[in-house]
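S.K.: Position 336 (the sequence shown) corresponds to 331 in our numbering; numbering is contiguous. Idealized CB from N, CA, C, for every residue including glycine. Quick one: the structure is below, questions incoming.
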Amino acid sequence: MEVIPIASSFLLISGLYPLMILIVILTIVYYYMETSRVVQYGRKLPGPPTVPFFGNALLARNIQPKDVLSTLIKMDIYGPTVRAFLGSKLFVFLMDPRDVEIILSSHVHITKSPEYRFFKPWLGDGLLISNGQKWYSHRKIIAPAFHISVLKSFVPLFYENSWTLVKRLRDQVGKEFDCHDYLATITVDILMETAMGVRGIQKEKNSFDYAKAVMKMCNIIHLRQYKMLLRFDTYFNWTKYGIEQKKLLNIIHGLTTRLIKEKKAEVLNSYPVASAEKSQADKEEMKKINKNKNNKPEEKYMKLHYVKDDLDENDENDIGEKRRLAFLDQMLELARTGSNLTEEEIKEEVDTIMFEGHDTTSASSSFVLCILGVHQDIQEQVLEELNEIFEGSDRPCTFQDTIEMKYLERVILETLRLFPPVPAIARILNEDVQLASDNNILPSGCRIIIPPYKIHRMPEFYSNPEKFNPDNFLPEKMQQRHYYSFIPFSAGPRSCVGRKYAMLKLKVLISTILRNYKILADVSEEDFQLQVDIILKRSDGFKIKIEPRQKVAQ
């Protein structure tokens, strides 16, 4: 009779043994997590309640791209510094410009967050995600390709392609349509002709396919950033997203490979003749530069005082002619003359510039048109300025014209304030940082998230921050604000290398469209359905209507 209890006890103990081991292991892991230095410092910061082992990860389990901004805004209740845990990983959101300056202006905290690794199959170790000496040396090589002397030579190509867009839009007169598809395609065309210097390649179809592939790639990368299982490469590669990514990369890399091949052939064919001609032309150009270097209105214009970074410190005379080569020309020239640049590195940087140079400006220009379509009074003020500049003529836009587009510039900047193309900047700290706002210590190893979308809406810096008001960028108002209260291009050493290129392209593109079409839109900016992928977009589409101001040339 006593055998049964003994057997039962044995079975009970043997069944509980694995459970007891599991409890011990989990207890040790939890103790390790809770006593780690990063977690201990993180616990001192305000933030949402956590769950053991998961931290705040469960808050993101059902989140969709359209919910990201509303979730971010709800963090207001915790103040300008907010912590969140993904397991034991500490993420700190910084919204006080004084704290943002400490991070972005630093030459120490320039390491991108590990979440950028999802770009690696696409961009390799290009400028966006590389770190250390490779990033520093490549930045130094690439930055001069976006110097003013190069940008001025791009204006005719900006205008020519903008005019091509005007003609493409004729079929949409009187209809409601999504302008983003057109703007995405034309910005790829512009990049191929300017930064890449390739004109012979068939453009419209290639550009459209490329732009669509980039948009889908951004969606996949963003999914991987907040869907836990997709963060694991082995699992991801077997999902429908991993299979689709391979197809998209074939399209994206196919175009950039063709661009490099075309440009290489062009350089090889033209080098013997071009070298002699260029040598003499460079000597003459350098004489002009040295003669006028102390009196250059365009430099004053291009030194954008609302962004503080290293590009304004570049002196064109440092390395002479190489500073005046466009991006791909410069990369191939350096490779030809014995630089350490490899074929793979050139491809990585071409992929990076093609992505950063088209997706951000196509989104920004789409937002500008939608906003002008709603605010007819502001559109009329822009048109008045353009009529004063062009005096009613249909002549091409020049670089000098863009300098005079003061009001249009303010419209573009205000659009970038409300709808910054990159909604979040992420870094990982290489050493401890003391915040300026509250003296809290952020430990080495924690991830920093800087959200321009939220910073640009702080009432301390922008009265009535939800209202579209170009006068927010009158010089006297900008001087009263903290530099880092407006960071659409990031700021500091890792600011957008092509920001001057982007502003110039936007001015030529938007002005050319407005000289030919009146823009109409029904949805006000307060009702935009915003979606955060890698780039800020509208999930409801960039819908506008256009009416011709004059007969568009056939």
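Could you work out which residue in Leu381, Arg331, Met349, Pro415 is closest to serine 361 when comparing CA atoms only?
M.R.: Pro415
S.K.: Can you tell me where the alpha helix (DSSP H) holding glutamate 409 begins and where it ends?
M.R.: Segment 401 to 413, the alpha helix (DSSP H) holding glutamate 409.
S.K.: Thinking threonine 355 and leucine 501 are a contact (beta carbons under 8 Å), I'd like their distance in whole angstroms, please.
M.R.: Wrong, their Cβ atoms sit about 10 Å apart, outside the cutoff.
S.K.: To the nearest angstrom, how far is it from the Cα of phenylalanine 180 to the Cα of leucine 413?
M.R.: Before going on, a small fix: residue 180 reads as threonine here, not phenylalanine. Threonine 180 and leucine 413 have their C-alpha atoms roughly 24 Å apart.
S.K.: Who are the near neighbours of arginine 476 in its chain, counting only those whose CB is closer than 6 Å to its CB and skipping five residues on each side?
M.R.: Phe456
S.K.: Please classify asparagine 434: is it buried, with 16 or more other beta-carbons within 10 angstroms of its beta-carbon, or exposed?
M.R.: Exposed: under 16 other Cβ atoms inside 10 Å.
S.K.: Can you list, in chain order, the residues of its chain with a C-beta nearer than 6 Å to that of threonine 332? Leave out the 5 residues immediately preceding and following it.
M.R.: none
S.K.: For threonine 507, which of Thr393, Lys107, Thr45 has the nearest alpha-carbon?
M.R.: Thr393
S.K.: Which same chain residues, not among the five before or five after phenylalanine 88, have their C-beta less than 6 Å away from its C-beta?
M.R.: Contacts found: Val77, Ile444.
S.K.: How long is the line joining the alpha carbons of methionine 453 and glutamate 461, rounded to whole angstroms?
M.R.: 9 Å
S.K.: Ignoring anything shorter than 4 residues or poking outside the stretch 455 to 500, list the alpha helix (DSSP H) runs there in chain order.
M.R.: 470 to 475
S.K.: Which same chain residues, not among the five before or five after valine 503, have their C-beta less than 7 Å away from its C-beta?
M.R.: Val150, Phe153, Tyr154, Ser157, Cys392, Thr397
S.K.: Leaving out the 5 sequence neighbours to the left and right, which residues in its chain are closer than 7 Å to threonine 321 when beta-carbon positions are compared?
M.R.: Going by the sequence as given, residue 321 is alanine instead of threonine. Hits under 7 Å: Ala140, Val145, Thr189, Ala190, Gly192.
S.K.: Specify the secondary structure class of glutamine 128 as computed by DSSP and reduced to three states.
M.R.: helix
S.K.: For the beta strand (DSSP E) containing phenylalanine 80, name the first residue and the last one.
M.R.: 76 to 81
S.K.: Would leucine 122 and isoleucine 348 be called neighbours here (beta carbons separated by less than 9 Å)?
M.R.: yes
S.K.: Identify every run of the alpha helix (DSSP H) within the stretch 88 to 141, keeping only runs that are complete inside it and at least 4 residues long; order them along the chain.
M.R.: 92 to 99, 115 to 118, 127 to 137
S.K.: Should arginine 163 be labelled buried (16 or more other beta-carbon atoms within 10 Å of its own) or exposed?
M.R.: Exposed.
S.K.: Check whether the stretch 111 to 125 and the stretch 329 to 344 touch, using three or more Cβ-Cβ pairs below 8 Å as the test.
M.R.: yes
S.K.: Expressed to the nearest angstrom, what Euclidean distance is found between the alpha-carbon atoms of isoleucine 514 and lysine 170?
M.R.: 11 Å
S.K.: Measuring CB to CB, does alanine 516 end up less than 9 Å from cysteine 365?
M.R.: yes
S.K.: Based on Cα-Cα distance, which residue from Ala497, Glu257, Ile420, Lys222 lies nearest to arginine 489?
M.R.: That would be Ile420, whose Cα lies nearest to the Cα of arginine 489.
S.K.: Work out the CA separation of histidine 175 and phenylalanine 537 for me, nearest whole Å.
M.R.: 6 Å
S.K.: Less than 9 Å between the beta carbons of glycine 440 and leucine 424, yes or no?
M.R.: Yes, the Cβ-Cβ distance between glycine 440 and leucine 424 is below 9 Å.
S.K.: Identify whether glutamine 545 lies in helix, strand or coil by the three-state DSSP scheme.
M.R.: coil
S.K.: When you compare only the Cα positions, how much space is there between valine 377 and valine 518?
M.R.: 20 Å
S.K.: How long is the line joining the alpha carbons of leucine 225 and glutamate 261, rounded to whole angstroms?
M.R.: 42 Å
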